[in-house]
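Have a look at the structure below before the remarks.
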Amino acid sequence: MPIRRNAVSRSRASDVTPAKIVREEIRALSAYHVPPSTGLIKLDAMENPYALPPELQKELAARLALVTANRYPDAGAAELKSALRRAMRIAGDFGILLGNGSDEIIQIVAQSVAAPGATLLSVEPAFVMFKMIATFCGMRYAGVPLEADFSLDVEAVLAACERHKPAVIFLAYPNNPTGNLFDIEDVRRIVAAAPGLVVIDEAYFAFSSQTFLDELDRYPNVVLMRTVSKLGLAGLRLGLLIGRREWIGEFEKVRLPYNLNVLTQAAATFALGHYDVLLKQAAQIVRDRAVMAAALEVLPDVSVFPSEANFILFRVADAARTFEGLKARGILIKNVSGAHPLLRNCLRVTVGTSEENATFLSALQASL
Ligand SMILES: *Cc1c(COP(=O)(O)O)cnc(C)c1O
């Protein structure tokens with residue numbers, strides 16, 4: 007006869023299922039999907055297509071060889087912050103919070119303000135992580151639809167502010183996946199009426215004609231988020247939040263002390279020392295964006311939305327068919343058609359190298 011020691015606790019243990027323990031709203035989610043891209047030209051994730059020049063790669067390798075991986079990283083990342091201040095001309099009176107990508111910063115901000123019943127507000131379509139992270143943090147989420155041309159529906163946002171009293175509003179400037187810059191006057195009206203914090207997400211600042219940085223000091227309820235991901239350093243995972251020290255000081259308490267590893271700190275500090283190289287690559291992408299937009303505009307049955315980012319949103323007759331046609335021809339872009347009614351039959355393509363863009367354009371013609 008088998009000995010049934012611990013029978014009671016074992017049967018209790020077998021009652022413990024994810025359905026009982028994991029929050030319902032988490033069980034209802036699907037994990038953020040990253041499609042496989044092996045063997046494909048990768049124009050789906052707003053990556054900069056250019057590597058560092060070979061001589062800088064060599065120098066970087068030498069720096070990384072000297073990194074003290076046996077010690078914890080500098081929790082305050084002082085050197086990296088100075089490099090960011092110099093490169094992005096961030097005034098000394100602002101504080102800086104660093105995140106493992108700006109995704110982590112969104113999470114830190116949400117965790118900091120997620121009192122029971124608190125709302126995170128954004129517009130739709132926008133960056134999907136705003137809503138996902140609100141859910142992770144147990145916040146309510148309110149998404150206000152944009153106009154059909156993807157401009158802000160200011161009256162609707164103001165009404166939603168009145169109704170939900172959002173603790174925090176996230177606005178991407180330029181917006182993803184639409185690519186446009188919101189009218190600055192519209193943004194200012196929302197900032198003036200917001201009952202809580204407003205986070206301006208400038209993930210695409212390097213490709214945009216506008217930034218909020220120059221007027222940040224005018225608004226006590228605004229902080230500005232950036233990332234180096236779209237600037238050629240996506241693999242390092244580094245985002246930053248710029249703002250008044252009162253805000254940054256609170257968020258610092260929620261940040262895990264060693265969120266930026268030694269390799270990221272060393273590599274990003276080095277790369278930011280050659281910021282001109284990254285900006286030159288961004289300028290090339292902006293020129294190639296104009297070429298690509300012009301080529302898309304002349305295609306029959308394609309409509310192109312204006313972009314101030316390193317990607318272009320366009321509408322075709324049948325997004326699923328065109329997406330699959332491109333993939334069959336070796337090109338991966340993003341089908342955003344199902345993400346929101348305003349994005350019906352829309353595809354998003356990242357601007358790559360001139361050669362990649364040319365390959366994409368001819369594959370697209372064959373896939374329409
Ligand atoms: C890509 C993107 C981010 C995320 O950037 P990471 O720093 O790589 O986490 C944030 N906001 C918007 C609008 C983006 O498109």
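7 is the number of the first residue of the sequence shown in our numbering; add one for each residue after it. Here a beta-carbon is modelled for each residue, glycine too, at the ideal position from N, C-alpha and C. Remember, predicted model here, so these are calculated numbers, not experimental data.
Asked, Found
"DSSP three-state call for L278: helix, strand or coil?", "helix"
"Name the DSSP beta bridge partners of F100, please?", "R250"
"The beta strand (DSSP E) with A68 in it runs from where to where?", "First-last for A68: 60-71, but that is the alpha helix (DSSP H), not the beta strand (DSSP E)."
"In three-state DSSP terms, what is E330?", "helix"
"To the nearest angstrom, report how far apart T125 and Y147 are at their CA atoms.", "5 Å"
"Could you check whether I339 and R354 sit closer than 8 Å to each other, using their CB atoms as the reference points?", "yes"
"Can you find a C-beta in chain B that's less than 8 Å from the C-beta of K64?", "No chain B appears in this structure, which consists of one protein chain only."
"Along the chain, which unbroken stretches of the beta strand (DSSP E) at least 3 residues long are found entirely within the region 287-326?", "317-321"
"Considering only residues of the same chain and omitting the five flanking positions on each side of E53, which have a CB-CB separation below 7 Å?", "A240, T356"
"Who are the near neighbours of I254 in its chain, counting only those whose CB is closer than 6 Å to its CB and skipping five residues on each side?", "G101, L103"
"For the beta strand (DSSP E) containing F176, list its first residue and its last residue.", "174-178"
"By how many angstroms is the C-alpha of A166 removed from the C-alpha of R33?", "27 Å"
"According to DSSP, simplified to helix, strand and coil, what is P201?", "coil"
"Pull the bridge partners of S128 from the DSSP assignment, please.", "G149"
"Cβ of F180 within 8 Å of Cβ of S214?", "First, the amino acid is wrong: residue 180 is Pro here, not Phe. Yes, Cβ-Cβ distance for P180 and S214 is below 8 Å."
"Starting from the C-beta of I281, find all residues in its chain whose C-beta is less than 7 Å away, skip the five residues before and the five after it, and write them out in chain order.", "Correcting the residue identity first, residue 281 is Tyr in this sequence and not Ile. Answer for Y281: A93, listed in chain order."
"Leaving out the 5 sequence neighbours to the left and right, which residues in its chain are closer than 8 Å to A121 when beta-carbon positions are compared?", "A173"
"Report the rounded CA-to-CA distance for S108 versus T270, giving the unit in angstroms.", "14 Å"
"Return the bridge partner residues of V229 from the DSSP annotation.", "V205"
"Please state whether DSSP places N181 in a helix, a strand or coil.", "coil"
"On the premise that L86 lies in contact with T233, defined as a C-beta separation below 8 Å, what is that separation, rounded to the nearest angstrom?", "Actually they are not in contact, since the Cβ atoms of T233 and L86 sit about 14 Å apart, beyond 8 Å."
"Which residue comes first and which comes last in the beta strand (DSSP E) that contains V22?", "Premise fails: V22 is in no beta strand (DSSP E) and is neither H nor E."
"From the DSSP output, in three-state form, read off G105 for me.", "strand"
"Report the partner residues of N341 according to the DSSP bridge assignment.", "L353"
"Look at the alpha carbon of F329 and the alpha carbon of L305, and state the distance between them as a whole number of angstroms.", "16 Å"
"List in chain order the residues whose CB is within less than 5 Å of at least one heavy atom of ligand 1.", "G107, S108, D109, F133, A178, N182, D207, A209, T233, S235, G245"
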